[in-house]
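Only one structure is covered here, and it is reproduced in the block below.
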Ligand SMILES: Nc1nc2c(c(=O)[nH]1)N[C@H]1C(S)=C(S)[C@@H](COP(=O)(O)OP(=O)(O)OC[C@H]3O[C@@H](n4cnc5c(=O)[nH]c(N)nc54)[C@H](O)[C@@H]3O)O[C@H]1N2
Ligand SMILES: Nc1nc2c(c(=O)[nH]1)N[C@H]1C(S)=C(S)[C@@H](COP(=O)(O)OP(=O)(O)OC[C@H]3O[C@@H](n4cnc5c(=O)[nH]c(N)nc54)[C@H](O)[C@@H]3O)O[C@H]1N2
Ligand code: SF4
Ligand SMILES: [Mo]
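In the UniProt record's numbering, the protein residues as written are 1 to 747.
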């Protein structure tokens, strides 16, 4: 296994019954067992020195759950160290309200909630309901995501709600709905991957982003990895294709071209299980291997080998990750990979398929329960009159009172504080000052607001800018459910009491709703009650949770949605671990080939910006780093922003290993430590986006959006690199207060 994923579990203490729950971070949702006390045994295998004694001991020790099929006893470095965030020295323990001097002063909950509710009411009265906006997150439990969407539509009456999943899953979701009539990250359990003969990974690096997934992939036959970088995942591949960033769409069209011209496609499947092949093929006909090679840099022979490995496999999977998806053509790119998978007859065939590797802890559930701008619970569309009537019925409101669709995440952030744009924003579960595209612009827009409210458990860069900060509970202190990348609903369980002064997100939403004039029983704060309401709201929808209950989950049932309620006296629905075996979710039961063609990224390279920058993840940090930058062990493993660059490219720019570089795009400049990587393409550099301040990779990225999914182009920006000539560390936690200074200066 990769670093930090193989620490031997120690024997549990028989005195203390362990609490079975799941890791707070990614969509793999590794099963864990929590016990009181500091972690036993040796530190995880890495070059990291032991923690100095002064660090507060975590209140819990975490053990991987050997019986949970997804991680089978594995955890990554982040999962092992997650309890440290529970006792982060700067954990938020009291509400904070901005004072006249521009600093934060502690306040009682009553004062903080009253301040928020009265300011929201004023702003709404002066500027209308859409002047108040909500930004959610794919890390929120199902219950929180559901109640947040209801809070926005009912208590605030605003259409302005979206969430960070727009930056994550939206392109794969849009392509999946178009192709299959339904979007569930993996329409099969991850354990199926171990039986595969070949797995194609397009723009995914699970060896660093979901290390325990490699247990299953390592058992599979051949891996084919498409990534401009030779990642730890690509190192394990039978075949690594390294296209220029932003050229996957052409590459996928080329793979379809080869499959068809070599007669390797499944004509019977195409005829009986799909429609639209002919138009898709006409596009791909123009993408012969040499043309694809010229554009992508992937040799024609390697393209042919990839098609051979997939088409000769008895069981094969095509999986996409953010590398293929986070583009202004991300939806079409996924569609092109789906077209290729359909031509080979993979989706819906037992032991084969297409899937997208969902990202955040509840990236799947977070996109089903109504925190998305165009969506109501059950994965329903907010413009569908039937959906509105059903959900309004569950909520006890008039369907006509429900607002229509709002702006997508990047557009919403871009509209804040502009003429006619929202004047107030509530953030639950995201840190856009670091993670949103063109982050400098986002920071300026946040500073223009009349009211910024952030609920978080740490002073994230976004919380630092807020007028009111509401301290909330963390994973191990709360109950709820999350839906993992396989569409399996999982229980998060409480192992420890939250610190005094901290409240749950559900309680915060309830208190605010009541202060805004809502009846208290419309906003329950008991997760079980919220889940029971969510079940009814999802009833009959695409993501139907009607038959799922805390009782069934606690009894250990593996329930994948759809899992509808069944009539009294009949057996409960067993859930749906594998979708599409008989039919796809379109009315005619057939999958749709999509008619897509290659197009260029929004940025063009020129003399000023001659390189491509792409961005992504490192093993040690999670997302904006708000949580993992508070774990000393992880900070030692990856302390600052780095830029991976080929030695020849570095030499031309006058840069050497370990020096500080300035990476510049048309949007802004980032400071990053040079890491020479001889296996990288010479036209491409890579930066992780986990660090704050001048180390934010998102100072480079732009706001070009995919027209269908509204996904920003995180994965390709035209840049230059130059030496800075300073030894100053970049993106270190101590630089965080910069955001506060900006906000203070802006009033
Ligand atoms: N350690 C860690 N793990 C995580 C997370 C984290 O922050 N840290 N976040 C979680 C979340 S929310 C997500 S969404 C997942 C993401 O998981 P992944 O999709 O695996 O992560 P990324 O690093 O964003 O992108 C994957 C790869 O895409 C490559 N890439 C860049 N540009 C292109 C391109 O144009 N084409 C192709 N084919 N590849 C390209 C990058 O080099 C990178 O290796 O990870 C989850 N797990
Ligand atoms: N350049 C570049 N930018 C990217 C990406 C990329 O690949 N490249 N990837 C994008 C992707 S895929 C994603 S998913 C986004 C993620 O980026 P963010 O949305 O910024 O995600 P996190 O850093 O996880 O931020 C979550 C915040 O909410 C807090 N939090 C966690 N759980 C809860 C909770 O239950 N309640 C509340 N109230 N707060 C909570 C955390 O402490 C943290 O401050 O970044 C996107 N940005
Ligand atoms: S792979 Fe994901 S869920 Fe598993 S331990 Fe690591 S961060 Fe947690
Ligand atoms: Mo994500």
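Cβ atoms here follow ideal geometry from the backbone N, Cα and C, with glycine treated the same way.
beta-carbon residue i near ligand 4 non-hydrogen atom, thresh 8 Å
i           : result
residue 303 : no
residue 214 : no
residue 169 : yes
DSSP-derived helix/strand/coil call for residue i
i           : result
residue 612 : strand
residue 46  : Because the pLDDT of residue 46 is 49, which lies under 50, any placement of that residue in the model is unreliable, and the number read from its coordinates should be weighed accordingly. Residue 46 falls in the coil class under three-state DSSP.
residue 438 : coil
residue 107 : coil
residue 22  : strand
residue 209 : helix
residue 430 : coil
residue 162 : strand
residue 560 : strand
residue 198 : strand
residue 72  : coil
residue 240 : strand
residue 576 : coil
residue 354 : strand
residue 52  : The predicted position of residue 52 is uncertain, since its pLDDT is 47 and thus under 50; a value taken from the coordinates is nonetheless stated next. Correct three-state label for residue 52: coil.
residue 17  : coil
residue 750 : Outside the modelled stretch of the chain, which goes from 1 to 747, sits residue 750, for which no answer is possible.
residue 382 : coil
residue 412 : helix
residue 317 : strand
residue 226 : strand
For residue i: DSSP bridge partner residues
i           : result
residue 603 : Partner(s): none; residue 603 has no beta bridge.
residue 644 : 675 and 686
residue 712 : 705
residue 764 : The displayed coordinates of the chain run from 1 to 747. Any statement about residue 764 would go beyond what the structure contains.
residue 274 : 591
residue 720 : 664
residue 456 : 471
residue 133 : 425
Near ligand 1: residue i beta-carbon under 8 Å from a heavy atom
i           : result
residue 357 : yes
residue 620 : yes
residue 226 : yes
Check: residue i C-beta below 8 Å from any heavy atom of ligand 2
i           : result
residue 28  : no
residue 525 : no
residue 458 : yes
residue 326 : yes
residue 692 : no
Reference residue i, options the options, closest by Cα
i           : options               : result
residue 350 : 360, 659, 316 and 611 : 316
residue 228 : 220, 172 and 205      : 205
residue 362 : 721, 709, 706 and 22  : 22
residue 276 : 547, 327 and 335      : 335
residue 417 : 443, 385 and 165      : 443
residue 622 : 691, 669, 555 and 337 : 691
residue 446 : 456, 426 and 459      : 426
residue 697 : 664, 322, 420 and 551 : 664
residue 423 : 77, 160, 610 and 31   : 160
residue 30  : 511, 494 and 482      : 482
residue 577 : 382, 488 and 97       : 488
residue 184 : 580, 678, 302 and 653 : 580
residue 255 : 244, 298 and 279      : 298
Proximity test, residue i beta-carbon vs ligand 3 heavy atom, cut-off 8 Å
i           : result
residue 210 : yes
residue 475 : no
residue 75  : yes
residue 563 : no
heavy atom of ligand 5 below 8 Å from residue i C-beta
i           : result
residue 322 : Absent from the structure shown: ligand 5. Ligands present: ligand 1, ligand 2, ligand 3 and ligand 4.
Practice task
Take every Cβ of the region 269-288, pair it with every Cβ of the region 233-245, and state whether three or more of those distances are shorter than 8 Å.
Solution key: With a cut-off of 8 Å, the region 233-245 and the region 269-288 do not count as touching, because too few Cβ pairs lie within range.
Practice task
Decide if the region 137-156 is in contact with the region 563-574; the criterion is three or more beta carbon pairs, one per stretch, under 8 Å apart.
Solution key: Output reads no: the region 563-574 does not touch the region 137-156.
Problem - At least three beta-carbon pairs within less than 8 Å, the region 307-316 to the region 198-216 - result: Contact holds between the region 307-316 and the region 198-216, because three or more Cβ pairs, one in each stretch, are under 8 Å apart.
Handout entry: Cβ contact (3+ pairs, closer than 8 Å) linking the region 54-73 and the region 94-105
Key = The region 94-105 and the region 54-73 do not touch, with fewer than three beta-carbon pairs separated by less than 8 Å.
Exercise for the section: Would you check if there are 3 or more beta carbon pairs closer than 8 Å linking the region 540-548 to the region 365-384? Expected result: The count of Cβ pairs closer than 8 Å, one atom from the region 540-548 and one from the region 365-384, reaches three, so the stretches are in contact.
Practice task
Spell out a yes or no on whether the region 488-504 and the region 88-96 are touching, meaning 3 or more CB-CB pairs, one atom from each, closer than 8 Å.
Solution key: Result yes; three or more Cβ-Cβ pairs closer than 8 Å.
Practice task
Taking 8 Å as the threshold, find out whether the region 457-467 comes into contact with the region 160-172 through three or more Cβ pairs.
Solution key: Segments in contact, no.
Practice task
Say whether the region 523-531 touches the region 586-593, bearing in mind that this needs 3 or more beta-carbon pairs closer than 8 Å, one atom from each stretch.
Solution key: Taking 8 Å as the limit for Cβ pairs, the verdict is that the region 586-593 does not touch the region 523-531.
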